[in-house]
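> Starting off with a structure, shown below.
Number of protein chains: 2
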Amino acid sequence: MRVLGVDPGLTRCGVGVVEGVPGRPLTMLGVGVVRTPVDAELGLRLVAIERGIEQWLDEHRPEFVAVERVFSQHNVRTVMGTAQASAVAMLCAARRGIPVALHTPSEVKAAVTGTGRADKAQVGTMVTRLLRLDAPPKPADAADALALAICHIWRAPAQNRLQQAVALHTAKATASKGRTA
Amino acid sequence: MRVLGVDPGLTRCGVGVVEGVPGRPLTMLGVGVVRTPVDAELGLRLVAIERGIEQWLDEHRPEFVAVERVFSQHNVRTVMGTAQASAVAMLCAARRGIPVALHTPSEVKAAVTGTGRADKAQVGTMVTRLLRLDAPPKPADAADALALAICHIWRAPAQNRLQQAVALHTAKATASKGRTA
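Heads up: the sequence lines are chains A and B, in that order.
Quick note on numbering: our numbering labels position 71 of the first sequence as 85, and the sequence is numbered without any gaps.
Quick note on numbering: our numbering labels position 39 of the second sequence as 53, and the sequence is numbered without any gaps.
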């Protein structure tokens, strides 16, 4: 199973591709960050994120895309940008019929460290260990994207297969139902 | 000046096209709602909104797109959906090099009714009057989209021309600056 993890953000959007199945060693296929200039207009930043995500989808052909679920308990301005960046990532995946899964930060931390309250350093350490890397991926957004992908792979495989089938089936149904009046 | 106003939402995304210049009677060229099924997956809903917005851009070729600026003082879940729908609208416009302007609900209400605290009915009444329609557009999202377009037309035309030039110029610059590392 090949998963692209996306840690959404307007300035830095972490991306990481992991391949594997539960109970076997995992393999990192790529990791990086899609960046957009802080001083650019919002619409143009979203276009830059779209291009970046499309490049990662083209290159790695993931079967699933896992995106961090956005909450609004944090800084209002940051959350809006994060929600907008995540929308672009979800749009890019869904357009290709790739199922999108959302995982909360706590779920991701619990998956890779055993506790939902782990800090950035702990997540980085475990991602390094689980993917047998020489050093923790930098910046933290990149490590978080890999953790998202790992979290997704370790969910019940049957559930993933079901979601994949449903996504492919409903892509067409939604297209015909969503109409312009 | 031809403006597409977008009142973003996941379930109902209001769209309205108005043509005109400040100080002259305005003309409505089209109004409607892009709907997506509530029970569909989020990624697929965003794809449906993208298709809907693209259709409106194809049909009406607006020079500007005006989108309601999203705030998070309201219901958290609604705001996330609104932010995500607005991201898709901004993305569609920016991809074509069409400048995107954001206006707050208060700015829009003040532009068409004279007060930033006007209610939905008052906005509907003034939109009907200003566009010389037989009845207020329904649903309210459609009327709000027209109000957004009117608000944008009534901003300083010089500022709009400047923004248009900057958007076209920076579209390429942003594409080359936003890189995947």
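The C-beta atom is built at its ideal place from N, Cα and C for all residues, glycine as well.
#1: What is the DSSP secondary structure of Gly114(A), reduced to helix, strand or coil?
#2: CB-CB under 6 Å to Ala154(A), same chain, minus the five flanking residues each way: which ones, in chain order?
#3: Sort Arg83(A), Cys27(A), His117(A) by Cα distance to Glu68(A) and report the nearest one.
#4: Using a Cβ-Cβ distance under 8 Å, would Arg193(A) count as near chain B?
#5: Less than 8 Å between CB atoms is the rule here; does Gly44(A) satisfy it with respect to chain B?
#6: Which bits of chain A does Glu121(B) rub up against, with CB to CB less than 7 Å?
#7: For the stretch 32-78 of chain B, which segments carrying the alpha helix (DSSP H) assignment without a break, of at least 4 residues, lie completely within its bounds, in sequence order?
#8: Does the beta carbon of Ala107(B) come closer than 8 Å to any beta carbon on chain A?
#9: Taking all protein chains shown into account, do 16 or more other C-beta atoms lie within 10 angstroms of the C-beta of Arg65(A), making it buried, or fewer, making it exposed?
#10: Mind reading off the beta-carbon distance from Val141(A) to Ala115(A)? Whole number of angstroms is fine, and I expect it under 8 Å.
#11: Quick one: Cα of Leu24(A) to Cα of Gln98(B), how far?
#12: Report all residues from its chain with a CB closer than 6 Å to the CB of Gly192(A); omit the five preceding and five following residues, and keep chain order.
#13: Quick one, which residues of the stretch 52-69 of chain B are near chain A if we go by CB-CB under 8 Å, in chain order?
#14: Of the residues that make up the stretch 142-155 of chain B, which ones have a beta carbon closer than 9 Å to any beta carbon in chain A?
#15: What first and last residue would you give for the alpha helix (DSSP H) that runs through Val122(A)?
#16: Would you mind telling me which residues of chain B sit closer than 7 Å to Met104(A), beta carbon to beta carbon, in chain order?
#17: Closest by CA to Gly57(B), which one among Gly34(A), Val122(A), Arg131(A), Ala101(A)?
#18: What residue range is occupied by the uninterrupted beta strand (DSSP E) comprising Gly138(B)?
#19: Return the CA-CA distance between Ala179(B) and Val81(B), expressed in angstroms with no decimal places.
#20: In the DSSP assignment, find the beta strand (DSSP E) that holds Asp155(A) and state where it starts and stops.
#21: Say whether the stretch 159-166 of chain B touches the stretch 109-128 of chain B, bearing in mind that this needs 3 or more beta-carbon pairs closer than 8 Å, one atom from each stretch.
#22: Can the beta-carbon of Val47(B) be found closer than 8 Å to that of Pro76(B)?
#23: Give me whichever residues DSSP pairs with Leu81(B) in a beta bridge.
#24: Who pairs with Gly28(A) in a beta bridge, going by DSSP?
#25: Assign Thr50(B) to one of two classes, buried (16 or more other C-beta atoms within 10 Å of its C-beta) or exposed (fewer than that).
#26: With 16 other CB atoms within 10 Å as the buried threshold, where does Val137(B) fall?
#27: If we call anything under 8 Å between Cβ atoms a contact, is Leu160(A) one with Cys106(A)?
Considering the structure as presented:
#1: For the record, residue 114(A) in the displayed sequence is Val; it is not Gly. Strand, per DSSP.
#2: Lys134
#3: Cys27(A)
#4: Because the pLDDT at Arg193(A) is just 45, under 50, the model does not fix this residue reliably, and the value given afterwards should be weighed accordingly. With 8 Å as the cut-off, Arg193(A) counts as an interface residue toward chain B.
#5: no
#6: In chain order: nothing, as chain A lies at least about 17 Å away.
#7: 56-74
#8: yes
#9: buried
#10: About 18 Å separates the two Cβ atoms, so there is no contact after all.
#11: 13 Å
#12: Residue placement at Gly192(A) is flagged as unreliable, the pLDDT there being 48, under the threshold of 50; the coordinate-derived value follows with that caveat. Same-chain partners within the cutoff: there are none.
#13: Ala54, Glu55, Leu56, Gly57, Leu58, Arg59, Leu60, Val61, Ala62, Ile63, Glu64, Arg65, Gly66, Gln69
#14: none
#15: 119-127
#16: Leu56, Gly57, Leu60
#17: Ala101(A)
#18: First-last for Gly138(B): 134-144, but that is the alpha helix (DSSP H), not the beta strand (DSSP E).
#19: 19 Å
#20: Run containing Asp155(A): none in the beta strand (DSSP E); it sits in the alpha helix (DSSP H), 154-167.
#21: yes
#22: no
#23: According to the sequence shown, residue 81(B) is Val rather than Leu. Looking at the DSSP assignment, Val81(B) forms a beta bridge with Val20(B), Leu116(B).
#24: Asp21(A), Val47(A)
#25: buried
#26: buried
#27: no
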